[in-house]
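Visitor:
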Amino acid sequence: MKDITELSQLDLTKRYTYADYLLWQFQERVELIKGYIVKMSPVTRRRHQEISASLSSFLYDNLKNGTSTVYHAPFDVRLKRNSGIADNEIDTVVQPDICIICDPTKLDDCGCIGAPDLIVEILSPGNKKHDEVNKFYLYEENGVREYWIVDPESKSVKVYILKNNKYELIDYYEKDGLMIPVNIFDGLVLGYDEIFRE
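For the sequence shown, counting from 1, position 177 maps to 176 in numbering that gives the first Met the number 0; every step adds exactly one.
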């Protein structure tokens with residue numbers, strides 16, 4: 000297959016693999032969910048960027064001396080359930096707003112292959128259902144240990160932990176002064192106010 004330079008060259012009803020994804024040279028941001036192309040919001044809003052920067056900075060500062068690494072979009076995460084899967088068999092590539100990978104063997108020059116330990120998605124008006132439903136179940140079935148959904152409009156954070164292969168809502172944070180634990184790390188907490196500071 001030749002390089003694809005325009006999204007319009009692709010059939011959005013067709014299934015693709017990561018091998019196909021590597022040939023795409025267009026500017027639009029897309030994810031590949033179980034083989035199908037999902038368009039991402041073209042531009043994030045200012046509050047989205049501020050929240051992403053606050054969370055990324057906090058996590059980076061607190062994890063920089065350990066083996067865990069923080070990444071933010073655009074950063075490709077190839078989700079797969081079995082080891083040894085080739086590029087032409089991987090059918091899911093996502094770009095979480097923020098993710099933490101604790102196992103360095105999951106990292107290569109193209110991003111992460113396998114489930115990150117923690118993913119944060121920051122909602123945008125056009126992606127709420129995608130993050131709260133589609134990605135929720137996708138991350139759950141792929142074994143992402145902790146999932147945060149941050150809503151800039153309601154100034155809320157939902158924190159889910161994977162227990163017995165199902166997400167359990169640990170808490171819903173929506174008030175100033177609260178402390179939010181990063182559950183995959185003992186003793187690591189951040190202030191609600193740090194996320195939503197103006």
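Here a beta-carbon is modelled for each residue, glycine too, at the ideal position from N, C-alpha and C.
To the nearest angstrom, how far is it from the Cα of D107 to the Cα of P180?
Guide: Roughly 29 Å separates the two Cα atoms.
Visitor: Are the CB atoms of V69 and I97 nearer to each other than 8 Å?
Guide: Going by C-beta atoms, V69 is nearer than 8 Å to I97.
Visitor: Measuring straight from C-alpha to C-alpha, what distance separates A114 and V143?
Guide: The alpha-carbon atoms of A114 and V143 are separated by roughly 5 Å.
Visitor: By the 10 Å Cβ neighbour count, where 16 or more other Cβ atoms means buried, how is P103 classified, buried or exposed?
Guide: By the neighbour-count rule (16 or more Cβ atoms within 10 Å), P103 is not buried but exposed.
Visitor: What residues match up with T68 in a beta bridge as DSSP calls it?
Guide: DSSP, once it has assigned bridges, lists I100 as partnering T68.
Visitor: Measuring alpha carbon to alpha carbon, tell me which residue in D75, I3, Y136 is nearest N164.
Guide: With distances taken between Cα atoms, N164 lies closest to Y136.
Visitor: Could you tell me which of Y59, Y138, D19 sits nearest to H71, measuring between CA atoms?
Guide: With distances taken between Cα atoms, H71 lies closest to Y59.
Visitor: In the DSSP assignment, the beta strand (DSSP E) including I32 goes from what residue to what residue?
Guide: First-last of the beta strand (DSSP E) with I32: 29–32.
Visitor: Grab the span of the beta strand (DSSP E) containing I121 for me, first residue to last.
Guide: Looking at the DSSP string, the run of the beta strand (DSSP E) that includes I121 is 117–121.
Visitor: Let me know if S67 comes out buried or exposed under the rule of 16 or more other beta-carbons within 10 Å of its beta-carbon.
Guide: Classification for S67: buried.
Visitor: Measuring alpha carbon to alpha carbon, tell me which of N87, D150, E30 ends up nearest V76.
Guide: Nearest of N87, D150, E30 to V76, Cα basis: E30.
Visitor: Give a yes or no on whether the C-beta atoms belonging to D130 and L122 are separated by under 8 Å.
Guide: Yes, the pair counts as a contact, with Cβ atoms nearer than the cut-off.
Visitor: Excluding the 5 residues preceding and the 5 following K174 in the sequence, name in chain order all residues of the same chain whose CB lies nearer than 8 Å to its CB.
Guide: Y191, listed in sequence order.
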